[in-house]
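Undergrad:
Protein chains: 2
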Amino acid sequence: MPRVSKEQTDLNRTAIEQASSKLFREKGFNGVSVADLMAAAGLTHGGFYGHFSSKDELAAVACATAFSEASERWQKRMQGKADEQQALHAIIDGYLSSQKVRDVGNGCPGAALTTDVAREPLDKPVRAAYMAGTEELVEILTALSPSPDPAVRRKTALAQWSMMVGAMALARATEGYPIANELLAVAREQLLGDITA
Amino acid sequence: MPRVSKEQTDLNRTAIEQASSKLFREKGFNGVSVADLMAAAGLTHGGFYGHFSSKDELAAVACATAFSEASERWQKRMQGKADEQQALHAIIDGYLSSQKVRDVGNGCPGAALTTDVAREPLDKPVRAAYMAGTEELVEILTALSPSPDPAVRRKTALAQWSMMVGAMALARATEGYPIANELLAVAREQLLGDITA
DNA sequence: TGTACATCAGTGAACGCGCGTTCACTGATGTAC
DNA sequence: TGTACATCAGTGAACGCGCGTTCACTGATGTAC
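Chains as they are written, first to last, in this note's numbering: chain A, 1 to 197; chain B, 198 to 394.
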């Protein structure tokens, strides 16, 4: 039953993007096939190239989608918080949860895709997408820094970002061992302690 | 010209391990084929299963090898340093170099293999190898912490480790953009500043 | 508004290719006398 | 020490399989009258 309404076509494309955004984070770019992605979107593999020119192109789109989702998640956590300190607290606390260790598919693409992106050639579109997404999240952290000096705010945000990504990536790789929880706890303590102090 | 002396057999096995240790870090477990690994060791693919029972088993061995190399590299950097503070300085400074961003194959496996290991099932041997290697490096950092309290030393080491791995992984993923160097610089500043302070 | 037809989103078979692993074979190494 | 032979590390063809991508086809959608 081919040919589908324009609305359905858009829905299908969105479904592919969202399935990819999730599956790429879980299994990496090379860990999921085009057929897997299409099946997860409820379609068959042949129609893929009607939506995207290559798997590479989709990787970039899915990466951007994942960062957008993360950004929205952060915005949502900030809502209703009394001040910047509490907003930052909510973001970091939500980020470094042991639940997120297991749920890579709905977690931060910054931590889930690092090495995948790092292994792509420098001119691949996914690299630009990853970098833009990173800046988007660092921007949010920067806005929440208490310092009046913009340079210090930026530095604080970048240091927080490195620690958040590092602790989460390491906790995932050491999942099941005591050190995984230690890493999360120490990062939380250090990052939240810095805020309160 | 098959059948080779026992000494040569050992040399060949070591060559496979070292080539794998490097290539897995560069391209990931799924990014290199058994044939690639054997070719890099100067052999043909068929002989692989005389040395290892599977690619999975080799992944664990290569992971352990990479961490051992890293540990030795750290020990070497510590040599001749006047005190713990200077030794720690040397390790961190060497770790966060922009040269290491490009030379993944000779860099820290902790940062190079995070997501690869995180995607392996919990019972795979490579996970135990990664965890043991992590503990090995964290141990070194712990020994260099200035605090008299063992719990504090451990926490300091874990926080440093998260920051080092996070900054390096992110710098690699954003290589070529200004933020890559920013991330390295900020992490260095924060980690080395903590020492001096 | 109804009808006739062109469009084109999605299907599934097929393509060439590279993967992890197996295996019959080779011939230098190692050993038994 | 020299010789005859068994061993087995390494070779390369072959296996079944899944990959990214292409393409002829289908039939509901969208359009022109």
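Backbone N, C-alpha and C fix where the C-beta goes; we use that ideal spot for every residue, glycine too.
Quick check: what's the CA-CA separation for A:G107 versus A:L11?
TA: 23 Å
Undergrad: If the cut is a Cβ gap below 7 Å, which residues of chain A does B:E379 touch?
TA: L158
Undergrad: Would you kindly work out how many angstroms separate the C-alpha atoms of B:Y327 and B:D290, rounded to a whole number?
TA: B:Y327 and B:D290: Cα-Cα distance of roughly 23 Å.
Undergrad: How many whole angstroms separate the CB atoms of B:Y292 and B:M360, which I take to be in contact at a CB cut-off of 8 Å?
TA: About 10 Å separates the two Cβ atoms, so there is no contact after all.
Undergrad: Nearest chain A C-beta to B:A384 closer than 9 Å, yes or no?
TA: Yes - at least one Cβ of chain A is within 9 Å of the one on B:A384.
Undergrad: Mark B:Q441 as exposed unless 16 or more other C-beta atoms lie within 10 angstroms of its C-beta, in which case mark it buried.
TA: Chain B is shown only over 198 to 394; residue 441 of chain B falls outside these bounds and no answer can be derived.
Undergrad: Taking B:E269 as the query, report the chain A residues whose CB atoms sit under 7 Å from its CB, ordered along the chain.
TA: What B:E269 touches in chain A: nothing, since even the nearest Cβ is about 21 Å away.
Undergrad: Among A:T9, A:K81, A:M168, which one has its Cα closest to the Cα of A:F52?
TA: A:T9
Undergrad: Closest to B:L255 by CA distance: which of B:P345, B:K219, B:A308, B:G390 is it?
TA: B:K219
Undergrad: I'd like to know whether the C-beta atoms of B:V298 and B:D253 end up nearer to each other than 9 Å.
TA: no
Undergrad: Give the interface partners of B:N227 over in chain A, defined as CB-CB distance under 8 Å, in chain order.
TA: G28, N30, G31
Undergrad: Label B:P306 either buried or exposed according to how many other C-beta atoms from any shown protein chain fall within 10 Å of its C-beta, with 16 as the threshold for buried.
TA: buried
Undergrad: Rounding to the nearest angstrom, what Cα-Cα distance links A:S68 and A:V32 in this structure?
TA: When rounded, the distance between both Cα atoms is 21 Å.
Undergrad: For a test of the three-state rule: what should DSSP assign to B:R316, helix, strand or coil?
TA: coil
Undergrad: With 9 Å as the threshold, decide whether the Cβ of A:E135 is near any Cβ in chain B.
TA: yes
Undergrad: How many angstroms separate the CA atom of A:K6 from the CA atom of A:A128?
TA: 30 Å
Undergrad: Any beta carbon from chain B within less than 9 Å of A:K22's own beta carbon?
TA: no
Undergrad: Whose C-alpha, out of B:G390, B:S217, B:R351, is nearest the C-alpha of B:A236?
TA: Cα-wise, what sits closest to B:A236 is B:S217.
Undergrad: Name the chain A residues whose beta carbon is nearer than 7 Å to that of B:Q387?
TA: A159
Undergrad: Considering only C-alpha positions, which residue in the set A:T44, A:T115, A:P148 is nearest to A:P2?
TA: A:T44
Undergrad: Nearest-angstrom Cα distance between A:D36 and A:M168?
TA: 26 Å
Undergrad: Nearest-angstrom Cα distance between B:S258 and B:K321?
TA: Checking the sequence, you will find Val at residue 258 of chain B rather than Ser. The straight-line gap from Cα to Cα measures roughly 12 Å.
Undergrad: Check each candidate in B:A315, B:W358, B:L389, B:F245 and name the one with the smallest Cα separation from B:E336.
TA: Closest by alpha carbon: B:W358.
Undergrad: Rounded to whole angstroms, what's the CA-CA distance from A:T174 to A:A180? Just pull it up for me.
TA: Each residue's alpha carbon lies about 5 Å from the other.
Undergrad: Expressed to the nearest angstrom, what Euclidean distance is found between the alpha-carbon atoms of B:E386 and B:H286?
TA: 11 Å
Undergrad: Taking C-beta to C-beta, are A:D103 and A:N30 nearer than 9 Å?
TA: no
Undergrad: Under three-state DSSP, which class holds B:M201?
TA: One detail in the question is off: residue 201 of chain B reads as Val in this sequence, not Met. The answer is coil: DSSP assigns B:V201 none of H, G, I, E or B.
Undergrad: Can the beta-carbon of A:G176 be found less than 9 Å from the beta-carbon of B:L319?
TA: yes
Undergrad: Does A:K155 pass the burial test, meaning 16 or more other C-beta atoms within 10 Å, or should it be called exposed?
TA: buried
Undergrad: For A:S162, name the three-state secondary structure that DSSP assigns.
TA: helix
Undergrad: Name the residue from A:E84, A:A118, A:I16 whose alpha carbon lies nearest to the alpha carbon of A:P148.
TA: A:E84
Undergrad: B:L293 touches chain A at which residues, Cβ-Cβ below 7 Å?
TA: Neighbours of B:L293 on chain A: none; closest Cβ ~10 Å, over 7 Å.
Undergrad: Can you check the stretch 319 to 351 of chain B for any alpha helix (DSSP H) of at least 4 residues that lies completely inside it and give the ranges in chain order?
TA: 322 to 341
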